[in-house]
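Each remark here refers to the structure printed beneath this line.
Here it is in structure tokens:
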């Protein structure tokens, strides 16, 4: 993990307008984490609460540490289809603290513009103002040209199974460093994904499971 270079500027503190903007972007009606606090409650707190959160968030960013309670979550299993005794037929949802999700949304907003500017035009997934329509149009054009000029055409479709669960987090940190992201953000992200645990109930038996790989699916920065 890279360390903060003397020549590297410290990141600016988080201000209330960033908290307000991130809060407006969060989806409403979502189940809360262990603290029972919803985004609607945070919204109802108004400017006074948002200013207090901005100060707290700035301190966490400066110190590179987050509250240990933010590393705890509940996981629920939603049945998708098929045999209910087959765990592959369930979708796992990680219920995180909404205050934590608000914090990571602020960080995401800061990083998004810098990262987006460095992506290739061909990368349409997970980018604002891009969609699968862009790739569908490009693919249809390739097919038309191949038919018109009677050229061979090879197309590869890749579907990553359980991408959130299998991604190597250290690889993400390495890529962020290569993209020129400030090491304060990288250190914070490493801290937020180290020592995390989740509680899940299977057959009425509560289990506490350490999260040792991948990223949290319901985390706004994932």
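Residue numbers (the numbering used here): 7 to 228. Don't be surprised by glycine CBs; every beta carbon is placed ideally from N, CA and C.
Segment limits, beta strand (DSSP E) that includes residue i
i, result
"residue 110", "Here residue 110 belongs to no beta strand (DSSP E); instead the alpha helix (DSSP H) covers 104 to 123."
"residue 78", "78 to 85"
"residue 256", "For residue 256 there is no data in the structure shown, the boundaries of the chain being 7 and 228."
"residue 203", "203 to 208"
"residue 214", "211 to 216"
"residue 101", "96 to 101"
Beta-carbon gap between residue i and residue j smaller than 9 Å
i, j, result
"residue 142", "residue 106", "no"
"residue 3", "residue 97", "Examination of residue 3 is not possible in this model, given that the chain is present from 7 through 228 alone."
"residue 217", "residue 199", "yes"
"residue 16", "residue 125", "no"
"residue 162", "residue 111", "no"
"residue 226", "residue 47", "no"
"residue 116", "residue 24", "yes"
"residue 224", "residue 101", "yes"
"residue 70", "residue 193", "yes"
"residue 22", "residue 57", "yes"
"residue 19", "residue 64", "yes"
Residue from the options whose Cα sits closest to the Cα of residue i
i, options, result
"residue 177", "208, 221 and 118", "221"
"residue 60", "192, 144, 109 and 129", "109"
"residue 182", "44, 111, 18 and 122", "122"
"residue 5", "129, 36 and 219", "With the chain represented from 7 up to 228, any question about residue 5 goes unanswered, as that position is not in the structure."
"residue 201", "227, 43 and 76", "76"
"residue 133", "171, 157, 35 and 118", "118"
"residue 184", "150, 120 and 155", "120"
"residue 165", "139, 140 and 131", "131"
"residue 232", "78, 18, 58 and 62", "Outside the displayed span of the chain (7 to 228) sits residue 232, for which this structure offers no information."
7 Å Cβ shell around residue i - same chain, five flanking residues per side excluded
i, result
"residue 89", "95"
"residue 215", "203, 204 and 206"
"residue 152", "159"
Enclosing alpha helix (DSSP H) for residue i [first to last residue]
i, result
"residue 60", "52 to 69"
"residue 169", "169 to 172"
Contact set for residue i: own chain, Cβ-Cβ below 6 Å, skip 5 residues either direction
i, result
"residue 66", "72"
What runs of the alpha helix (DSSP H), each 4 residues or longer, lie entirely inside the stretch 125 to 158?
Here the runs fully enclosed are 138 to 154.
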